[in-house]
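Chemist: My questions will all concern the structure given below.
Number of protein chains: 6
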Amino acid sequence: MVGSPAATASAAVPEVVLEANVDDLDPRLWPGVLSALMEGGASDAWLTPILMKKGRPAHTLSVLARPDLVAELERVVLAHTTTIGLRRYAVDKVALPRETAEVEVYGETVRVKLARLDGEVVTATPEYDDVARVAAAKGLPERVVMDAARRSLVE
Amino acid sequence: MVGSPAATASAAVPEVVLEANVDDLDPRLWPGVLSALMEGGASDAWLTPILMKKGRPAHTLSVLARPDLVAELERVVLAHTTTIGLRRYAVDKVALPRETAEVEVYGETVRVKLARLDGEVVTATPEYDDVARVAAAKGLPERVVMDAARRSLVE
Amino acid sequence: MVGSPAATASAAVPEVVLEANVDDLDPRLWPGVLSALMEGGASDAWLTPILMKKGRPAHTLSVLARPDLVAELERVVLAHTTTIGLRRYAVDKVALPRETAEVEVYGETVRVKLARLDGEVVTATPEYDDVARVAAAKGLPERVVMDAARRSLVE
Amino acid sequence: MVGSPAATASAAVPEVVLEANVDDLDPRLWPGVLSALMEGGASDAWLTPILMKKGRPAHTLSVLARPDLVAELERVVLAHTTTIGLRRYAVDKVALPRETAEVEVYGETVRVKLARLDGEVVTATPEYDDVARVAAAKGLPERVVMDAARRSLVE
Amino acid sequence: MVGSPAATASAAVPEVVLEANVDDLDPRLWPGVLSALMEGGASDAWLTPILMKKGRPAHTLSVLARPDLVAELERVVLAHTTTIGLRRYAVDKVALPRETAEVEVYGETVRVKLARLDGEVVTATPEYDDVARVAAAKGLPERVVMDAARRSLVE
Amino acid sequence: MVGSPAATASAAVPEVVLEANVDDLDPRLWPGVLSALMEGGASDAWLTPILMKKGRPAHTLSVLARPDLVAELERVVLAHTTTIGLRRYAVDKVALPRETAEVEVYGETVRVKLARLDGEVVTATPEYDDVARVAAAKGLPERVVMDAARRSLVE
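Quick note, the sequences are listed as chains A, B, C, D, E and F, same order.
Residues in the first sequence are numbered consecutively from 996, following our numbering.
Residues in the second sequence are numbered consecutively from 996, following our numbering.
Residues in the third sequence are numbered consecutively from 996, following our numbering.
Residues in the fourth sequence are numbered consecutively from 996, following our numbering.
Residues in the fifth sequence are numbered consecutively from 996, following our numbering.
Residues in the sixth sequence are numbered consecutively from 996, following our numbering.
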């Protein structure tokens, strides 16, 4: 474990980052690659735009994963992209204790993710999926529902 | 070694990533920096656009290298860029077994890089340099030759 | 320590990289987050634009820090952004020995950061803050002062 | 109309580009904004990452639209984002005549978009949505289906 | 004027966009360039990362300006950057009528920018500069003050 | 012509910008596309990374061209990329009068591009191609030669 964890965060857990630089995949396939990785159990998966040798615009695919899922997620990377290799390194992951609250917005329930630091709520974020559901049901812009959910968070 | 490698990938080998954040290099020099690193034996070298303190657009230079080349490649970074420091960390690198096939396109030979997962070909990528050579020789767009090379891959 | 350090660089020192992917922060707050981290003692702090699951444009926040500052800087990340978790990994940091020279530009002093490799100066970079000060005082574009400072570096 | 159109392209038609720089929207809402614009009839809608004053990472939202839809799409931009203004300019749009072909892949039909220049097919692109449907139905990576569809295009 | 303006927006006014692709400026100077343009009266100024010929990472500098300021702002671009040329095109700019409200946060006043569409408030955004001032005065993260200001907006 | 040109710049000349959003080209082909456009007479050609609908990372290809070359360059875009359409708009291009000077660096000649504003030199940029040639001939990093060329510019 690197350094000492924030006193208020949950204990650090070991995870692994997998990375591959990919310069030859049909870009339309990237969203499906990220979905396949999340469905395969990845803690997170994302793309970073990079510039490679020979002036090529490319992407680094990164996957954060629990150690027991690494072998399987490596197979997803190798099957779903054109890369023939990847690199990996160990990280420590820390997370604040989190809870879920609920607020009423336009007569519907929206979950709010709460995180505490030293016992005090430091983050209160309405769940996007709930906001999108309410927005679609009410014919409102998602932004209007998100703003309303944030305003409902008055202590 | 982090996690266990995919059963079908070659054994993991240790490599090192070198990184430096650079905010004061004449941007025209970047392609030459990447070339110098590849010529110096880097396994890969690339740039990631970042936003640094004080609102500065900058780049992270990343170099993937075999451990025995690290000292020499550090010197390339320090001589060819304006950075006065860098960071490094160890990674495990895994790669699929690869072969080279050849296809005929417009009467010319184009190599195709094949990679196997569980014995089955999962990636078949025409070599760009060959495609570019044929395109130049025939006066065709590279895309036309690349498409033709992909179509020639019918089993 | 990974590999052997460049003979001419100072000995490697251990540092830690903290990273968090953030997709829900008001983007106007990012410059203040980087400032808070630098004021908290970070060796460096920067943002990398990424593409996350569900098609979301987001940023990876990265912080380079001495091990003894990790716990405090984690708290800054958790308090100043909306993330509820982060990952960290150890790196070795190497830096060239550096000196500060001074040049006269438009009658004002501008510091120049010098770095040596094998005893020879490989980098001589005028300090931006000094350049900005002189430019403001003289009513000149910063570029004009920076160019003049570079030209003053003739051995 | 600017310049003369390529002889082989269909006649140019007037469209309008709407643009707004946005630095204060919850980034999770961007995919929904693009969807709302496409559903509203936009010819295209996309985001470009930019760096604004005060060191702020932000996005330019761009919308390509037929002139008769401009007023309505402006309302979508103003309702679905936090911007309070936008700019617009006229463009000429040219497009190659296009046809749809079909190929059989894994026993399923995949449409292929064909475009001709001077009567000759210059682009043959399998439809992503069809590829994704077949991949899901067959439990295959989308890439495998896309490659198979491309190989089926042999004249 | 392109298309007809949204009925609820103020009348369109003509502005001009100036653009230059720059690949050889010391990147540390970019924030000062944007500041000089804003001080020179630009309606907005921003950077877009691009990839130019020969594999060079570069930036497009964009400036939005009132027609009467174009000649002066062109001089700022030419004096403060290394470009020796630029391009410009006319745009129509539309903006929602806006008002300023005030909320009390931690005993301090924070202005809120309101915009109306069809008479209804669609956007209510706390001013960043006020939030930053209160955060600095109270020793709080800017995010905490921004969230509090948003929550104070309950109708 | 939009606005009045800077008094010191050469008269504005009309040019055209061609743009296409491309989400399905093998990224390795992009450098060749830019080269083909420059060889076809484009005044400039560049790529901007964008985020399109359905979460797709893509690029806008932009081409700046003289009006008499538009038809031919449109054909290059349509033949060398996968796009089946593009948009174009007129711009005014202004440029400072420029001269070429020469400096001696490591016994070799390096051209320097000079531009004047109000008769005074505001930009003096060593030609990259000359710097690269000297660096290769002398076995020096390009940066060392570029710095030396800049220092030789002392009036």
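Here a beta-carbon is modelled for each residue, glycine too, at the ideal position from N, C-alpha and C.
All values derive from a computational prediction rather than experimental measurement.
For R1082 (chain F), does the three-state DSSP call read helix, strand or coil?
Modeler: Correct three-state label for R1082 (chain F): strand.
Chemist: If the cut is a Cβ gap below 7 Å, which residues of chain C does D1021 (chain A) touch?
Modeler: Here the premise fails: no neighbours, minimum Cβ distance about 15 Å.
Chemist: Use the C-beta contact count for A1132 (chain F): other C-beta atoms within 10 angstroms, 16 or more gives buried, fewer gives exposed.
Modeler: When all chains shown are included, A1132 (chain F) counts as exposed.
Chemist: Which chain A residues sit within Cβ distance under 9 Å of R1106 (chain D)?
Modeler: The contacting residues do not exist; R1106 (chain D) stays about 14 Å from chain A at best.
Chemist: If I'm right that A1031 (chain B) touches V1058 (chain B) with Cβ under 8 Å, what's the distance once you round it to whole angstroms?
Modeler: The pair is not a contact, with the Cβ atoms about 11 Å apart (cut-off 8 Å).
Chemist: Anyone know if the C-beta pair for L1091 (chain C) and G1080 (chain B) falls short of 8 Å?
Modeler: Yes. Within cutoff.
Chemist: Tell me which residue opens and which closes the alpha helix (DSSP H) that A1015 (chain A) is part of.
Modeler: It is not in any alpha helix (DSSP H) - A1015 (chain A) instead sits in the beta strand (DSSP E) that spans V1008 to V1017.
Chemist: Which partner residues of K1088 (chain E) appear in the DSSP bridge assignment?
Modeler: K1088 (chain E) is bridged to D:R1082 and E:V1008.
Chemist: Could you tell me how far apart the beta carbons of D1018 (chain C) and M1047 (chain C) are, in whole angstroms, since I believe they sit closer than 8 Å?
Modeler: That pair is a contact at about 5 Å.
Chemist: Classify R1082 (chain C): buried if its beta carbon has 16 or more other beta carbons within 10 angstroms, exposed otherwise.
Modeler: The residue is buried, with at least 16 neighbouring Cβ atoms inside 10 Å.
Chemist: Report the residues of the region 1022-1047 of chain C with a CB closer than 9 Å to any CB of chain A, ordered along the chain.
Modeler: Going along the region 1022-1047 of chain C in chain order, one finds T1043, P1044, I1045, L1046 and M1047 with a Cβ nearer than 9 Å to chain A.
Chemist: For L1042 (chain C), which residues of its own chain have a beta-carbon under 8 Å away from its beta-carbon, when the five flanking residues on both sides are left out?
Modeler: Answer for L1042 (chain C): W1025, L1029, H1054, T1055, L1056 and S1057, listed in chain order.
Chemist: So who's on the other strand from V1107 (chain E), going by DSSP bridges?
Modeler: According to DSSP, which records beta bridges pairwise, V1107 (chain E) is partnered with E:A1096 and E:P1121.
Chemist: Closer than 8 Å, CB to CB, is A1059 (chain F) near chain D or not?
Modeler: Here the sequence assigns Leu to residue 1059 (chain F), which means Ala is not the residue at that position. Chain D, which has no Cβ nearer than 8 Å to the Cβ of L1059 (chain F), makes this no.
Chemist: May I ask you to verify whether the region 1105-1122 of chain E touches the region 1065-1074 of chain D, counting CB pairs closer than 8 Å and requiring at least 3?
Modeler: Yes: the two stretches touch, three or more of their Cβ pairs being nearer than 8 Å.
Chemist: Can you give the Cα-Cα distance for S999 (chain E) and V1065 (chain D), rounded to whole angstroms?
Modeler: Since pLDDT at S999 (chain E) reaches only 40, below the 50 mark, its modelled position is unreliable, and no value is offered.
Chemist: From L1068 (chain A) to E1014 (chain A), what does the alpha carbon distance come to, in whole angstroms?
Modeler: Computed Cα separation, rounded: 11 Å.
Chemist: Would you mind telling me which residues of chain A sit closer than 8 Å to R1053 (chain F), beta carbon to beta carbon, in chain order?
Modeler: Note that residue 1053 (chain F) corresponds to Ala in the displayed sequence, not to Arg. Those are P1022, listed as they occur along chain A.
Chemist: Please list the partners that R1138 (chain A) has in chain D, where partner means a Cβ-to-Cβ separation under 9 Å.
Modeler: Going along chain D in sequence order, the residues near R1138 (chain A) (Cβ under 9 Å) are L1020, D1021, L1024, G1027, V1028, A1074, H1075, T1076 and T1077.
Chemist: Between L1068 (chain D) and chain F, is any beta-carbon pair separated by less than 8 Å?
Modeler: No, L1068 (chain D) does not count as interfacial toward chain F.
Chemist: Starting from R1070 (chain E), follow the alpha helix (DSSP H) in both directions and report where the run begins and ends.
Modeler: First-last of the alpha helix (DSSP H) with R1070 (chain E): V1065 to H1075.
Chemist: By DSSP's criteria, S1057 (chain A) is part of a beta bridge. Which residues make up the other side?
Modeler: Answer is A:E1014 and A:W1041.
Chemist: Report yes or no: is there a C-beta of chain E within less than 8 Å of the C-beta of K1133 (chain A)?
Modeler: For K1133 (chain A), the answer is no, since every Cβ of chain E falls outside 8 Å of its Cβ.
Chemist: Compute the Euclidean distance between the alpha carbons of E1010 (chain D) and D1087 (chain F), then round it to the nearest angstrom.
Modeler: If you take the alpha carbons of E1010 (chain D) and D1087 (chain F), they lie about 20 Å apart.
Chemist: Keeping to the same chain, check which residues put their C-beta closer than 6 Å to that of A1002 (chain C); ignore five residues upstream and five downstream.
Modeler: At A1002 (chain C), the pLDDT of 46 sits below 50, so the modelled position is not reliable and the matter cannot be decided from this model.
Chemist: Please report whether the beta-carbon of A1090 (chain B) lies at a distance below 8 Å from any beta-carbon of chain A.
Modeler: For A1090 (chain B), the answer is yes, since a Cβ of chain A falls inside 8 Å of its Cβ.
Chemist: Hey, out of F:D1063, F:I1045 and F:P1044, whose CA is closest to G1035 (chain F)'s CA?
Modeler: Per the Cα distances, F:D1063.
Chemist: Would Y1084 (chain A) and Y1084 (chain B) qualify as a contact pair, given that the criterion is a beta-carbon distance under 8 Å?
Modeler: Yes, these two residues count as a Cβ contact at 8 Å.
Chemist: For a cutoff of 8 Å on Cβ pairs, would you count D1021 (chain B) as touching chain I?
Modeler: No chain I appears in this structure, whose protein chains are A, B, C, D, E and F.
Chemist: Roughly how far, in whole angstroms, is the beta-carbon of E1122 (chain C) from the beta-carbon of V1107 (chain C), given that I think they are within contact range, below 8 Å?
Modeler: The Cβ separation is near 7 Å, so the contact holds.
Chemist: I'd like the list of long-range same chain contacts for M1033 (chain D), defined as Cβ closer than 7 Å, with 5 residues on each side in sequence excluded.
Modeler: For M1033 (chain D), where only same-chain residues beyond five positions count, the Cβ hits under 7 Å are A1040.
Chemist: So, under 8 Å CB-CB, E1094 (chain D) and L1112 (chain D) are touching, yes? Tell me the CB distance rounded to an integer number of Å.
Modeler: Actually they are not in contact, since the Cβ atoms of E1094 (chain D) and L1112 (chain D) sit about 13 Å apart, beyond 8 Å.
Chemist: Under DSSP, the alpha helix (DSSP H) around R1138 (chain D) begins and ends at which residues?
Modeler: Counting along the chain, the alpha helix (DSSP H) containing R1138 (chain D) begins and ends at E1137 to R1146.
Chemist: For a contact meaning CB atoms closer than 9 Å, what does A1144 (chain C) contact in chain E?
Modeler: The contacting residues do not exist; A1144 (chain C) stays about 11 Å from chain E at best.
Chemist: Per DSSP, which residues does V1116 (chain C) bridge with? Please list them.
Modeler: Answer is C:R1111.
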